[in-house]
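So for the sequence shown, this note's numbering puts the first residue at 3; every next one is plus one. Positions of the beta carbon are idealized from the N, C-alpha and C atoms, including for glycine. Being a predicted model, the structure only gives us computed values, none of them experimental. Take a look at the structure below.
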Amino acid sequence: AISAEHVFIGSNNGRAYCIGLPWPDIRIVNCWPSKQQVKPDEEITIYCTVENIGPTTQTFNLVCYLDPIHSDPLIFELPPKRVLNRTITLNSGQSITVNDTINASELTPITNSWTLWANADVVMYEVRMRDNRFTFGTISILTTIGGGGGWRYQCCLY
3 AISAEHVFIG SNNGRAYCIG LPWPDIRIVN CWPSKQQVKP DEEITIYCTV ENIGPTTQTF
63 NLVCYLDPIH SDPLIFELPP KRVLNRTITL NSGQSITVND TINASELTPI TNSWTLWANA
123 DVVMYEVRMR DNRFTFGTIS ILTTIGGGGG WRYQCCLY
């Protein structure tokens with residue numbers, strides 16, 4: 003069998019062999035917010051670095067999401083909020099960091115805890131896809147509680 007850059011050969015021992023260029027490979031190097039704890043009126047910038055470690059130029063979509071976290075996921079299941087969406091073209095060996103800014107007020111009506119994660123589309127003939135997804139961790143929205151006027155994090159508001 004033949005693909006664009008590869009020849010596949012079967013053998014008598016039951017194995018298949020591939021001859022050709024290395025496989026295309028896009029990977030997310032890192033994804034992070036400008037702040038992990040923000041007040042409801044503050045802006046958060048989401049950054050994501052992606053790299054083309056394959057042998058050819060590739061065009062792909064990169065999307066970063068915030069998933070709402072709630073103490074009872076059976077009651078509270080909402081789709082993730084898309085916070086960054088880019089179509090990127092990278093030459094072999096090239097990387098880029100992209101960013102987008104959102105206001106925390108877009109998040110607070112739903113919950114005060116969010117998990118940041120990113121996904122890069124699988125490109126044609128890509129076989130190592132584990133590095134096309136990256137999870138950062140939690141972003142917390144601070145809130146005032148009581149009359150003291152100080153800001154602190156409260157896990158879950160109902």
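message: Can you give me the C-alpha to C-alpha distance between residue 102 and residue 13, rounded to a whole angstrom?
response: 50 Å
query: Among 84, 42, 38 and 27, which one has its Cα closest to the Cα of residue 120?
result: 84
query: Is residue 93 helix, strand or coil when you go by DSSP?
result: coil
query: Which residues mark the beginning and the end of the beta strand (DSSP E) in which residue 2 is found?
result: The shown model of the chain, from 3 to 160, leaves out residue 2, and the question about it has no answer.
message: Less than 7 Å between the C-beta atoms of residue 31 and residue 53, yes or no?
response: yes
query: residue 43: buried (16+ other C-beta within 10 angstroms of its C-beta) or exposed?
result: exposed
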